[in-house]
């Protein structure tokens, strides 16, 4: 036997050469099948978990799994299992093949979504360039739009499959794709997801109802209102929260099964719609000057709706909070998962935020409420409608400051009575002042004692923070154009839900008081809903959606 044959190579060298040779930037390692039949000796050396694990490391992103699960949890056997499962999933997505009967119907979409949460550049290439996962998602909602009964006789449900499709589309949106997207296609996507954006009362936008501050939840608590209880006749698609899937229906991920919360579909829908509504222009209109056109394209990419972005190689770090929320909120009735810290990174809200909000026409909104037990109105679901849904669109900007109640400081977090939800758990009747060092001193009327909240400081960790108060106001340039307002509220520790109340100033200006609540996604965008505070909790209020981005203006 020649001394330079494959059989004569040491096992570890042969394994490394093989892995490097067959691993591809895009597509499965099919070259391994050509090497295995060379001889029995070669087959025995290469048909091992070590080779498959090394191929996985070269093919897919591993930084996030190592960070989230630990090296001890990622054995070579588990990496081999995950490699095989991923390529079966990607092949089915590519061929639009059905999921095997022994899997849940959303298995492949869960796998794609979790790969995106772990993406640092490799995963997304396989999903986009090999599996064409965006085509799969667009086919999914196109079938709904093209149904013979269109306009459809039912409202789309917030199922795991629909939610995951929306999130996959949102997480794979990027500047180049949206620039190339045709106007007709862009319009069709927006009109499909407008259903979720406009019907605030039907599709929840939080893992647990926004009017609940503490977990674990009490199922019998009057605050734990199901959306369906708002209607005289419960709506079949109104999804109660918390909503999660048991471990038995979640795909095995690196050899383990974990119960996961279903990510709120509404947030992905808002990201999809806003990225297109405020997005780049396909071409320069004749009436638009070169400098204005250039400014629009640049500001969209880096300014108000910066849904995607960030330094290359840091994508999964920015999505660690998304993963923690899925696990932490899997069953909020029985308390947080041990060892998981608060969701929001200290300082994540600190600074200036710019964005847009959209609110439906009041008459159309009232018609939606009245039609909740009827088929969706034609004006909302027809992609070729000549009279698109009417809405109000407005830019919004504010500068926020965080104050923290710290562990070990001797301070007890402020109370959070159920009746205070409409005030963002920071009633306007509270008295507070700033001490010389910047500390916020607040009088707690329930405990009849002061509690100190210190300003955010660099290098503060999540484990140190027991509670977060947020105060804010607009910058002077904004105030001069749009008027003054005061922002105040708190952050729900269990899932990082930011609940803020915005009071226009002076109070008698007649501009109203509004409650804003949502999550920070990707460390870049705050996405959620806003509603009038003039309607009590548990009743349908006039409401809209917003998307804000951390400003690059200091």
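Residue numbers (the working numbering): 1034 to 1587.
Ideal placement from N, C-alpha and C gives every residue a C-beta, glycine not left out.
What's the call for residue 1294, buried or exposed, on a 16-neighbour Cβ count within 10 Å?
Position 261 of the chain shown, counted from the start, is the residue given in the question as residue 1294. Buried is the call here.
Compare the C-beta of residue 1134 with all C-beta atoms of chain D and state if any pair is closer than 8 Å.
The structure shown contains no chain D, having only a single protein chain.
Going along the chain, which residues of its own chain have a beta-carbon closer than 8 Å to the beta-carbon of residue 1584, five neighbours each way excluded?
As a first step, residue 1584 is located in the chain shown; it is residue number 551 there, counting from the start. Only 1336, 1384, 1385, 1386, 1387 and 1430 meet the Cβ criterion.
For my contact list, residue 1410 and residue 1188 are in at a C-beta cut-off of 8 Å; report their separation, rounded to the angstrom.
Sequence index remark: in the chain shown, residue 1410 carries index 377 (1-based). Sequence index remark: in the chain shown, residue 1188 carries index 155 (1-based). Wrong, their Cβ atoms sit about 10 Å apart, outside the cutoff.
Let's see if you can read the secondary structure: which residues bound the beta strand (DSSP E) around residue 1428?
For this step, residue 1428 is matched to residue 395 along the chain shown. Looking at the DSSP string, the run of the beta strand (DSSP E) that includes residue 1428 is 1424-1439.
Closest by CA to residue 1060, which one among 1115, 1045, 1164 and 1154?
Translated into positions along the chain shown, residue 1060 becomes position 27. For residue 1060, the nearest C-alpha among the options comes from 1164.
Per DSSP, what kind of secondary structure is residue 1473 in: helix, strand or coil?
Stepping through the chain shown from its first residue, residue 1473 is reached at position 440. Here residue 1473 sits in strand by DSSP.
Status (buried if at least 16 other CB within 10 Å, exposed otherwise) for residue 1320
As a first step, residue 1320 is located in the chain shown; it is residue number 287 there, counting from the start. Answer is exposed; the Cβ neighbour count stays below 16.
Taking the CB atoms as reference points, tell me whether residue 1194 and residue 1145 lie closer together than 8 Å.
By one-based count along the chain shown, residue 1194 stands at place 161. By one-based count along the chain shown, residue 1145 stands at place 112. Against a cut-off of 8 Å, the Cβ pair of residue 1145 and residue 1194 comes out as no contact.
CB residue 1520 to CB residue 1506, shorter than 8 Å?
Position 487 of the chain shown, counting from 1, holds the residue named residue 1520. Position 473 of the chain shown, counting from 1, holds the residue named residue 1506. The answer is yes: Cβ separation under 8 Å.
Euclidean distance between Cα positions of residue 1242 and residue 1122:
As a position in the chain shown, residue 1242 is number 209, starting the count at 1. As a position in the chain shown, residue 1122 is number 89, starting the count at 1. Rounded to whole angstroms, residue 1242 to residue 1122 spans 34 Å at the Cα level.
Would you mind stating whether residue 1119 and residue 1093 have Cβ atoms separated by less than 8 Å?
Looking up residue 1119 in the chain shown gives position 86. Looking up residue 1093 in the chain shown gives position 60. Yes, they are a contact pair.
What's the call for residue 1456, buried or exposed, on a 16-neighbour Cβ count within 10 Å?
For the purposes of this step, residue 1456 is taken as the residue at position 423 of the chain shown. Residue 1456 should be labelled buried.
Quick check on residue 1403: buried or exposed, where buried means 16 or more other Cβ atoms within 10 Å of its Cβ?
Numbered from 1 along the chain shown, position 370 holds the residue referred to as residue 1403. Answer is exposed; the Cβ neighbour count stays below 16.
If you draw a straight line from the alpha carbon of residue 1577 to that of residue 1423, how long is it in whole angstroms?
Counting from one through the chain shown, the residue named residue 1577 turns up at place 544. Counting from one through the chain shown, the residue named residue 1423 turns up at place 390. The straight-line gap from Cα to Cα measures roughly 12 Å.
Range covered by the alpha helix (DSSP H) that runs through residue 1303
Stepping through the chain shown from its first residue, residue 1303 is reached at position 270. It spans 1298-1310 - the alpha helix (DSSP H) in which residue 1303 sits, taken as one unbroken run.
On the DSSP bridge assignment, give the partners of residue 1195 in chain order.
For the purposes of this step, residue 1195 is taken as residue 162 along the chain shown, with counting starting at 1. In DSSP, residue 1195 forms no bridge with anything.
Start and end of the beta strand (DSSP E) containing residue 1502?
As a position in the chain shown, residue 1502 is number 469, starting the count at 1. First-last of the beta strand (DSSP E) with residue 1502: 1498-1506.
Ordered along the chain, which non-local residues of its own chain (more than five positions away) have a Cβ less than 7 Å from that of residue 1058?
As a working mapping, residue 1058 is identified with position 25 in the chain shown. Contacts found: 1158.
Taking the continuous alpha helix (DSSP H) assigned at residue 1549, which residues delimit it?
Taking the first residue of the chain shown as position 1, residue 1549 is located at position 516. Where residue 1549 is concerned, there is no enclosing alpha helix (DSSP H), although the beta strand (DSSP E) it sits in stretches over 1546-1554.
Rounded to a whole number of angstroms, what is the C-alpha to C-alpha distance between residue 1045 and residue 1087?
Position 12 of the chain shown holds residue 1045. Position 54 of the chain shown holds residue 1087. Straight-line Cα distance between these residues: approximately 11 Å.
Would you decide whether residue 1496 is buried or exposed? Buried here means 16 or more other CB atoms lie within 10 Å of its CB.
Position 463 of the chain shown, counted from the first residue, corresponds to residue 1496. Result: exposed.
Assuming residue 1087 is part of the alpha helix (DSSP H), what are its boundary residues?
As a working note, residue 1087 is residue 54 in the chain shown. Per DSSP, residue 1087 belongs to the alpha helix (DSSP H) from 1082-1092.
DSSP state of residue 1165, grouped into three classes?
The residue labelled residue 1165 in the question sits at position 132 within the chain shown. It is coil, neither helix nor strand.
Residue 1284 to residue 1190, Cα distance in whole Å?
Locating residue 1284 in the chain shown gives position 251, counting from the first residue. Locating residue 1190 in the chain shown gives position 157, counting from the first residue. Distance between the alpha carbons of residue 1284 and residue 1190 is about 22 Å.
Measuring CB to CB, does residue 1106 end up less than 8 Å from residue 1287?
Sequence index remark: in the chain shown, residue 1106 carries index 73 (1-based). Sequence index remark: in the chain shown, residue 1287 carries index 254 (1-based). A contact, by the Cβ cut-off of 8 Å.
Straight-line Cα distance separating residue 1358 from residue 1352
To locate residue 1352, count along the chain shown from 1; it is residue 319. To locate residue 1358, count along the chain shown from 1; it is residue 325. Near 10 Å, if we compare the C-alpha coordinates of residue 1358 and residue 1352.
Mind checking which residues open and close the alpha helix (DSSP H) that includes residue 1348?
Position 315 of the chain shown holds residue 1348. Taken as a continuous stretch (DSSP letters only), the alpha helix (DSSP H) holding residue 1348 covers 1348-1351.
Are three or more beta carbon pairs between the segment 1222-1236 and the segment 1447-1455 nearer than 8 Å?
no
So what does DSSP say about residue 1484, is it helix, strand or coil?
As a working mapping, residue 1484 is identified with position 451 in the chain shown. In the structure shown, residue 1484 sits in a strand (DSSP, three-state: E or B).
Apart from the five residues just before and just after residue 1291, which ones in its own chain have a Cβ nearer than 8 Å to its Cβ?
The residue given as residue 1291 occupies position 258 in the chain shown. Closer than 8 Å at Cβ, skipping near neighbours: 1280, 1283, 1360 and 1363.
Under 8 Å by Cβ, that's how I've got residue 1581 and residue 1558 pegged, so tell me the actual separation to the nearest angstrom.
Here residue 1581 refers to the residue found at position 548 of the chain shown. Here residue 1558 refers to the residue found at position 525 of the chain shown. About 7 Å separates the two Cβ atoms, so the contact holds.
Taking DSSP's pairing of strands, which residues face residue 1533 in a bridge?
Start at 1 with the first residue of the chain shown, and residue 1533 comes out as number 500. According to DSSP, residue 1533 bridges with 1522 and 1549.
Taking C-beta to C-beta, are residue 1141 and residue 1125 nearer than 8 Å?
Indexing the chain shown from 1 puts residue 1141 at position 108. Indexing the chain shown from 1 puts residue 1125 at position 92. Cβ atoms of residue 1141 and residue 1125: closer than 8 Å.
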